[in-house]
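Asker: Just so we're aligned: 384 in this note's numbering is position 321 of the sequence shown, and the numbers increase by one with no gaps anywhere.
Let me begin by handing over the structure; questions about it come next.
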Amino acid sequence: MGSYGQLARRAVETDMPIMVQIQQLVRGAKNAVSLAQGVVHWQPPKEALDKVKELVWEPSISRYGADEGLPELREALVQKLHRENKLYKSSVMVTAGANQAFVNLALTLCDAGDSVVMFAPYYFNAYMSFQMTGVTNILVGPGHPKTLHPDADWLEKTLSETKPTPKLVTVVNPGNPSGTYIPDSLLKRISNLCRDAGSWLVVDNTYEYFMYDDLKHTCVEGNHIVNIFSFSKAYGMMGWRVGYIAYPSEVEGFGTQLLKVQDNIPICASIISQHLALYSLEMGPEWVIERVKGLVKNRDIVIEALSPLGDSAVKGGEGAIYLWAKLPDKYADDDKFVHWLAHRHGVVVIPGSACGCPGNVRISFGGLVEDDCKAAAERLRRGLEELIRDGLVE
Ligand SMILES: Cc1ncc(COP(=O)(O)O)c(C=O)c1O
């Protein structure tokens, strides 16, 4: 013992979590502000928090609950899936957030050695979930150079030419880190390609309510499709850890196999958190949409701050809470740029290399109220102006 070589390759060979590195960077840089972490600035609905306060002494709160989730929450979610997402043949498992939902699915749907498909720029945690579960043959497809939409022509070719056929394809809609949404027609095409090839399609809908400029989020349903959702951003419930999986009810054994994984990770999502999720859900999507509307200002403030990079360098922002920006070719070392920006200008963003796209950065505009966002954006703008003018001067 005592040797690094004794640690499991599944852990050692998995990427380091970028958010942990970024949190260290924020702590280490004097007075740095964060446009890095994917969070929102609001708390859960006050009415819901007040109701939960009453519950803490209830004995059931401190016991284990049903693995798949509180029956009343699952029922409410099935109704929500019908009403809002037009998903009529899906069963629900409540998880400790969407990230745990993804790990459950990687373990339930893939075997070590399988190949899977993601699109660049990809969501780093999904990539890591594959790596640590032994799914190391991760085929990363291109995004459209202008829109960053997943390239469906590449997918068609890859699904037909790769033997054995990739087990699973995953997309995030709207995207993290791209901030672009997947139009309904493209989502349907991706779904049809997966169905015809016999591959699973896992769609992460964490940002379903985070849509701007009158764009509309849609879901697809089928016996080859699994949808993931989260309470974290919509209801400001990041720390309460509640998400859910909507899996096809008609696929025999799906729920049973999922339960094996669930029973060995959280057993059940935190019971008090599930009650908060239920009360929050009762506030309706309007509660969330009202808050999301307020983020448009933040997005525009950050777009303006990115202007020194030139218009064509900035993408995304149609949905989710992210903008995606290309660094000038001369300064394409994104890790170096992120450290420089944090230490010299006091603002932190995410390096694109964490998402498979070096030379870019992800900027999050959800975590700060407008005035703080303005102040952070001002630092970003000054940093970019200096970069363009003088380079990475110390
Ligand atoms: C696309 C995506 N999926 C999942 C998650 C994790 O969400 P949760 O807090 O529900 O685990 C995030 C958080 O940033 C995300 O952006």
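Backbone N, C-alpha and C fix where the C-beta goes; we use that ideal spot for every residue, glycine too.
Identify whether Gly36 lies in helix, strand or coil by the three-state DSSP scheme.
Answerer: In the structure as shown, the chain starts at 64 and stops at 457, and residue 36 therefore has no counterpart that could be examined.
Asker: DSSP three-state label for Tyr307, please.
Answerer: On the sequence shown, residue 307 is found 244 positions in, with the first residue counted as 1. DSSP places Tyr307 in strand when its eight states are reduced to three.
Asker: Could you give the residue range of the alpha helix (DSSP H) that holds Asp113?
Answerer: Counting from one through the sequence shown, the residue named residue 113 turns up at place 50. Per DSSP, Asp113 belongs to the alpha helix (DSSP H) from 109-116.
Asker: So does Tyr310 have its beta carbon nearer than 7 Å to some heavy atom of ligand 1?
Answerer: To locate residue 310, count along the sequence shown from 1; it is residue 247. Every heavy atom of ligand 1 is 7 Å or more from the Cβ of Tyr310, so no.
Asker: Determine the extent of the alpha helix (DSSP H) in which Gly357 is found, giving its start and end residues.
Answerer: Along the sequence shown, read from residue 1 onward, the residue named residue 357 stands at position 294. Element bounds for Gly357: 348-368.
Asker: Measuring alpha carbon to alpha carbon, tell me which of Ser192, Asp398, Glu367 ends up nearest Leu386.
Answerer: Taking the first residue of the sequence shown as 1, we reach residue 386 at position 323. Among Ser192, Asp398, Glu367, the Cα nearest to that of Leu386 is on Glu367.
Asker: Arg425 bridges to which residues according to DSSP?
Answerer: Mapped onto the sequence shown, residue 425 falls at position 362. In the DSSP output, where bridge partners are listed per residue, Arg425 has Trp387, Ile413.
Asker: Compute the Euclidean distance between the alpha carbons of Thr319 and Leu250, then round it to the nearest angstrom.
Answerer: In the sequence shown, the residue the question calls residue 319 occupies position 256. In the sequence shown, the residue the question calls residue 250 occupies position 187. Between Thr319 and Leu250, the C-alpha separation is close to 28 Å.
Asker: Quick one: is the Cβ of Thr269 within less than 7 Å of any heavy atom of ligand 1?
Answerer: Taking the first residue of the sequence shown as 1, we reach residue 269 at position 206. Under cutoff, so the answer is yes.
Asker: Judging by CA-CA distance, which residue of Glu441, His402, Ile334, Asn361 is the nearest neighbour of Ala103?
Answerer: The count along the sequence shown starts at 1 and reaches residue 103 at position 40. Before going further, note that residue 103 is Val rather than Ala in the sequence given. For Val103, the nearest C-alpha among the options comes from Asn361.
Asker: According to DSSP, is Gly204 helix, strand or coil?
Answerer: Locating residue 204 in the sequence shown gives position 141, counting from the first residue. Reduced to three states, the DSSP call for Gly204 is strand.
Asker: Jot down the residue ranges of each uninterrupted beta strand (DSSP E) in the region 157-205, minimum 3 residues, whole runs only, in chain order.
Answerer: The qualifying runs are 178-182, 200-204.
Asker: Got a sec: does ligand 3 put a non-hydrogen atom nearer than 7 Å to the Cβ of Ala169?
Answerer: This structure lacks ligand 3; the ligands present are ligand 1.
Asker: Ligand 1 and Gly429: does the residue's C-beta get closer than 7 Å to at least one heavy atom of that ligand?
Answerer: On the sequence shown, position 366 is the one that residue 429 refers to. Because no heavy atom of ligand 1 lies under 7 Å away, the Cβ of Gly429 does not count as near it: no.
Asker: Measuring from the CB of Ser293, is there a heavy atom of ligand 1 at a distance below 7 Å?
Answerer: The residue you call residue 293 lines up with position 230 of the sequence shown. Yes, Cβ of Ser293 sits closer than 7 Å to a heavy atom of ligand 1.
Asker: Return yes when at least one heavy atom of ligand 1 lies under 7 Å from the C-beta of Gly306, else no.
Answerer: Within the sequence shown, residue 306 is the residue found at index 243, counting from 1. Yes, Cβ of Gly306 sits closer than 7 Å to a heavy atom of ligand 1.
Asker: How should Val22 be labelled, buried or exposed, when 16 other C-beta atoms within 10 angstroms of its C-beta is the threshold for buried?
Answerer: Residue 22 is absent from the structure shown; the chain starts at 64 and stops at 457.
Asker: Arg425: buried (16+ other C-beta within 10 angstroms of its C-beta) or exposed?
Answerer: For the purposes of this step, residue 425 is taken as residue 362 along the sequence shown, with counting starting at 1. The residue is buried, with at least 16 neighbouring Cβ atoms inside 10 Å.
Asker: Does the Cβ of His287 have 16 or more other Cβ atoms within 10 Å, making it buried, or fewer, making it exposed?
Answerer: Working through the sequence shown from its first residue, we reach residue 287 at position 224. The residue in question, His287, is buried, as its Cβ has 16 or more Cβ neighbours within 10 Å.
Asker: Tell me the DSSP bridge mates of Lys480?
Answerer: Residue 480 lies beyond the residue range present for the chain, which begins at 64 and ends at 457; the question has no answer from this structure.
Asker: Mapping the DSSP letters down to three states, classify Asp267 as helix, strand or coil.
Answerer: Sequence index remark: in the sequence shown, residue 267 carries index 204 (1-based). Three-state DSSP puts Asp267 in a strand.
Asker: What do you get for Pro80, buried or exposed, if any count of 16 or more other CB atoms within 10 angstroms of its CB means buried?
Answerer: For the purposes of this step, residue 80 is taken as the residue at position 17 of the sequence shown. Pro80 should be labelled exposed.
Asker: Regarding Asn290 and ligand 1, is the C-beta to nearest heavy atom distance less than 7 Å?
Answerer: Numbered from 1 along the sequence shown, position 227 holds the residue referred to as residue 290. Every heavy atom of ligand 1 is 7 Å or more from the Cβ of Asn290, so no.
Asker: For Arg137, I'd like the list of residues in its chain whose CB is within less than 6 Å of its CB, leaving aside the five on either flank, ordered along the chain.
Answerer: Your numbering for residue 137 matches position 74 in the sequence shown. The answer, listed in chain order, is Val155.
Asker: So, is Lys220 buried or exposed, given that buried needs 16 or more other C-beta atoms within 10 angstroms?
Answerer: For the purposes of this step, residue 220 is taken as residue 157 along the sequence shown, with counting starting at 1. Exposed is the call here.
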